[in-house]
Amino acid sequence: MGNVREQARWTRARLGRCGPVLDLLTARFARHEYAPHAHDEYTVGVTVGGLEVIAYRGGRIVSGPGSIVVLEPGEMHTGGPAAPEGYAYQALYAAPALLGDGTFGTALPYFPDPVLHDPELAAALRRTHTDLSAHPDPLEAESRLPWLLAALARRHSTSRAEDGALPGARTVALTVRDRLADELLAPPSLADLAADLGLSRYQLLRAFRTTMGVPPYAWLAQYRVARARALLDAGVRPAEAAALVGFADQAHLTRWFRRVLGVTPAAYRNSVQDAGC
């Protein structure tokens, strides 16, 4: 956009390979005011700067930095600046079923207060939004977003949370782990894996996180790094290694390689080659 104070950028993430899409918006507005409108999805946003005023349910709500805003499907609303500096936010537009997973009942989660103060969840939503806007990996999106949206509904809606340990959680986690390892070039969606096991996606994610200590996308990324490391040891170039283990490109491999091993793949390859007899 021409004015640096009026910016909006949309990104689309897919929830699993061949799964449904979810839209992400990053926006900063000094003057823009939305006309009254409604969405078919839940709008979940985190205000990151300034103040926004929203006409909603016959009243007006104000959101400031760190606040989570939840607007329910079909509810008419507006949005505009409530401070001279305008407002900035990150928002996602989630199908209703994503918030109902992890709760009992068939009714959609209802949020009595549309402005929520939950610093931990707000920070997690912001990190996930930023990461997926830059790298909309399907397995990462499916591992992170449904989990956070279920947590949002469990913590702040009137829906009753589904509790209790899942019987056979370790077996579930190991089954999912093995499928991801076997199909690392094109991993199955978690929704399909859950259906095969007679579970909800939330139950699968909970079993995997509890057993493995990390969500599925993080486990698979670390497994791919280990496979790529062996290829680099054998003299394969980083770009080729990235493709052979299922990373989107060399930059994707580099991001995870540094997280796990502290160096870039190229630096690692050079060091192991220099160490030869």
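Each residue of the sequence shown is one higher than the one before, starting from 0 at the first, in numbering that gives the first Met the number 0. Yeah, the Cβ is synthetic: ideal placement off N, Cα and C, and Gly gets one too.
Nearest-angstrom Cα separation, counted from residue j out to residue i
i: alanine 149; j: threonine 157; result: 13 angstroms
i: glycine 1; j: alanine 7; result: Residue placement at glycine 1 is poorly supported in this model, since its pLDDT is 43, which falls under 50; the coordinates still yield a value, given next. Each residue's alpha carbon lies about 11 angstroms from the other.
i: alanine 265; j: alanine 34; result: 51 angstroms
i: proline 95; j: alanine 29; result: 31 angstroms
i: arginine 200; j: glutamine 89; result: 25 angstroms
i: isoleucine 53; j: tryptophan 9; result: 21 angstroms
i: leucine 147; j: threonine 127; result: 9 angstroms
i: leucine 192; j: glutamate 84; result: 47 angstroms
i: valine 45; j: aspartate 232; result: 44 angstroms
i: leucine 115; j: arginine 153; result: 13 angstroms
i: leucine 196; j: glycine 245; result: 25 angstroms
i: proline 214; j: arginine 27; result: 31 angstroms
i: alanine 93; j: glutamine 272; result: 48 angstroms
i: threonine 263; j: glycine 212; result: 25 angstroms
i: leucine 204; j: leucine 179; result: 13 angstroms
Beta-carbon separation (whole angstroms), residue i vs residue j, contact threshold 8 angstroms
i: alanine 241; j: aspartate 248; result: 6 angstroms
i: leucine 50; j: valine 61; result: 6 angstroms
i: glutamate 71; j: histidine 31; result: Glutamate 71 to histidine 31, Cβ: 23 angstroms. No contact.
i: leucine 21; j: leucine 14; result: 6 angstroms
DSSP state of residue i mapped onto helix, strand, coil
i: valine 262; result: coil
i: glycine 1; result: Note that glycine 1 scores a pLDDT of 43, beneath 50, so its modelled location is shaky; the value from the coordinates is reported in the next line. Looking at glycine 1 - three-state DSSP - the assignment turns out to be coil, as it is neither helix nor strand.
i: alanine 34; result: strand
i: alanine 247; result: coil
i: threonine 157; result: coil
i: arginine 268; result: helix
i: arginine 16; result: coil
i: arginine 254; result: helix
Residues that DSSP places opposite residue i in a beta bridge
i: serine 62; result: Glu51
i: aspartate 22; result: Arg11, Tyr92
i: leucine 144; result: BP columns for leucine 144 are empty, so no partner.
Considering only residues of the segment 165-235, which uninterrupted beta strand (DSSP E) runs meet the minimum length of 3 residues and lie entirely inside it, listed in chain order? none
What ranges does the beta strand (DSSP E) occupy inside the segment 76-142, keeping only unbroken runs of at least 3 residues that lie completely in it? 76-80, 86-93
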